[in-house]
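Visitor: Pasting in a structure now, in structure tokens, and then I'll have a few things to ask.
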Amino acid sequence: MPGVRPACRRRAYATPLPDGYAVGTGRRTLAFNELKTRSRWRGKGLGRRLHDELLSGRSEERVTLLVNPQRPRVVTLYQAWGYQEVGRQQPFPDSLVFACMTRPMRLPEQ
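See the structure below:
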């Protein structure tokens, strides 16, 4: 959608972005926010299935998300799902500095 800003936008970066990363059309990137499962459902693959279903059929090239880098288990989980850190972002002056992670919308078949 035109006018929608990705989670990992240039103006709030605490570290430089890779060249060309912030160039887009408004349809290049989907910002993924707030996926959480209740503790009794964790470790069963439900979060991954929800994530994959929400991304299926999307037309964007990539998906981004922000994660607290002080939560290494969560960072490791997203890395296992194909995300890579592209920089650090502080969305507001009084917020944490988050790791911005991204991955292609569709991963190559393994």
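Numbered as in UniProt numbering, the sequence shown ends at 110 without a single skipped number.
Ideal placement from N, C-alpha and C gives every residue a C-beta, glycine not left out.
The structure presented is a predicted model; accordingly, all values stated were derived computationally and were not measured.
For D52 and R28, what's the separation of their Cα atoms in angstroms?
Guide: Between the C-alpha atoms of D52 and R28 there is a straight-line separation of about 18 Å.
Visitor: Can you give the beta carbon distance from M101 to L65, rounded, assuming they're within the 8 Å contact cut?
Guide: 6 Å
Visitor: Helix, strand or coil: how does DSSP classify Q84 here?
Guide: strand
Visitor: Where does T64 fall in DSSP's three states?
Guide: strand
Visitor: Answer yes or no: do E34 and M105 have a C-beta to C-beta separation smaller than 8 Å?
Guide: no
Visitor: If distances are taken between C-alpha atoms only, which option among P69, P108, R73 comes closest to R42?
Guide: R73
Visitor: Look at the Cβ atom of T50, then the Cβ atom of G82, and state whether they are nearer than 8 Å.
Guide: Note that residue 50 is Leu in the sequence shown, not Thr. Not a contact, by the Cβ cut-off of 8 Å.
Visitor: Do you know offhand how far S39's Cα is from G47's?
Guide: 11 Å
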